[in-house]
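Colleague: One structure follows; several queries about it will come next.
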Amino acid sequence: MTVGQKNVARVGGNGPSLTREQFIDAFHEMLLIRRFEEKAGQLYGMGLIGGFCHLYIGQEAVVVGIQMTLKDGDKLITSYRDHGQMLAAGMTPRGVMAELTGRATGYSRGKGGSMHMFSREKNFYGGHGIVGAQVALGIGLAFANKYRGTDEVSVAYFGDGAVNQGQVYESFNLAALHKLPCLFVIENNLYGMGTSVERASASHELWRNGEPWGIPGRRVDGMDVAAVHEAAAEAVAHCRAGKGPYLLEMMTYRYRGHSMSDPAKYRKREEVDEVRKTRDPIEHVRRILMDAGVSEHDLRKIEDDIKATVNDAAEFAQTSPEPDPAELYTDVLLEA
1 MTVGQKNVAR VGGNGPSLTR EQFIDAFHEM LLIRRFEEKA GQLYGMGLIG GFCHLYIGQE
61 AVVVGIQMTL KDGDKLITSY RDHGQMLAAG MTPRGVMAEL TGRATGYSRG KGGSMHMFSR
121 EKNFYGGHGI VGAQVALGIG LAFANKYRGT DEVSVAYFGD GAVNQGQVYE SFNLAALHKL
181 PCLFVIENNL YGMGTSVERA SASHELWRNG EPWGIPGRRV DGMDVAAVHE AAAEAVAHCR
241 AGKGPYLLEM MTYRYRGHSM SDPAKYRKRE EVDEVRKTRD PIEHVRRILM DAGVSEHDLR
301 KIEDDIKATV NDAAEFAQTS PEPDPAELYT DVLLEA
């Protein structure tokens, strides 16, 4: 077993659940997230992005596989490692990058930065800087769906470092009690900041954490977009049918430190290189597509288009105006 692959039950043992066209779409979306995050890392190094910046590099298959199972109206909420979710939800690279650089054309008008972006239009209810806080808000979104009588679901993403927060267990209880259509997704990248999950959590089977409340769960290979898609499709169908919440533990891996300020000295370079070499989610799909007859030329065309899109987003962000100082107190207090 390689790093992060311990006790992972493969979903869909009879073969991939995705069509060739879906694999192409997944390749495009995952590569867009990867290249966007790499560019964000460059801009951070140049001093053009301030504050915190948590990159999603390595975890792309999780959000892309789940997003492929959702429909318009479904709600998304996550932690501060949020750029991947934004792009998968359809938020524009220009708007996200502009917010990262603190520009008025960003999704929060340049006042939210990396961790605090929202889009009502895309039903993305934010990255949140308080560990685990988004889970409680996620069941609130699910309650609203049920109250309105829709079959829409809420997806609440959180990491292995947040699983033992009290508010997470309180959310499990309420979601199960009221049969809320909420999909809980643990993105287990093995490290909560700089501490291994094996040292931080008495439970090493996080997918079972909802069992006291009768919440079904599953552990999935989060580096395999087809496995993610199939597990998420089953979980979303469960929620949409009014059967209550579902918990997925996605075994994934982040290649970079917890944030851009983290040198990640708590793990060996060989560990990261092993995952990149043997389990990279994008290279896995590239091999599937080439085996299916997609040419290297066609894949290169996708890569070139994404490179142009990301470069355009970076240029747009750097040339956009900064917020007017008069905006400092807007959106803070609403006076009657």
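For the sequence shown, the tail end lands on 336 under full-length UniProt numbering, and the numbers increase by one without skipping.
Cβ coordinates follow ideal geometry from the N, Cα and C atoms, glycine included.
On a predicted model such as this, the values are computed, not experimentally measured, just so you know.
1. So what's GLY112 in DSSP terms, helix, strand or just coil?
2. Report the residue from ILE288, GLU249, VAL168 and GLY65 whose alpha carbon sits nearest the alpha carbon of TRP213.
3. Out of SER201, LEU248, HIS28 and TYR191, which has the shortest C-alpha to C-alpha gap to LYS265?
4. For a quick check, are the C-beta atoms of MET68 and ALA98 less than 9 Å apart?
5. Following the continuous alpha helix (DSSP H) through LYS75, name the residue where it begins and the one where it ends.
6. Inspect the CB distances between the region 29-38 and the region 309-327 and report whether three or more fall short of 8 Å.
7. Check whether the region 140-150 touches the region 107-120, counting contact only when three or more Cβ pairs, one atom from each stretch, lie closer than 8 Å.
8. Using 10 angstroms around the beta-carbon of LYS243, count the other beta-carbons present and answer buried if the total reaches 16, otherwise exposed.
9. Considering only residues of the same chain and omitting the five flanking positions on each side of ALA233, which have a CB-CB separation below 6 Å?
10. Under 7 Å Cβ to Cβ from HIS229, same chain only, skipping five residues before and after it: list those, please.
11. Are there 16 or more other CB atoms within 10 angstroms of the CB of GLU187, so buried, or fewer, so exposed?
12. Quick one: residues in its chain with C-beta nearer than 7 Å to the C-beta of PRO323, no 5 flanking neighbours on either side, listed in chain order?
13. Using a Cβ-Cβ cutoff of less than 6 Å, which residues in the same chain neighbour HIS54 once the five nearest sequence positions on both sides are dropped?
Modeller: Considering the structure as presented:
1. coil
2. VAL168
3. TYR191
4. no
5. From DSSP, LYS75 is part of no alpha helix (DSSP H) but of the beta strand (DSSP E) over 75-77.
6. yes
7. no
8. exposed
9. THR69
10. SER17, LEU18, GLY65, MET68 and THR69
11. buried
12. ALA104, ARG109, GLY110 and LYS111
13. TYR80, ARG81 and SER259
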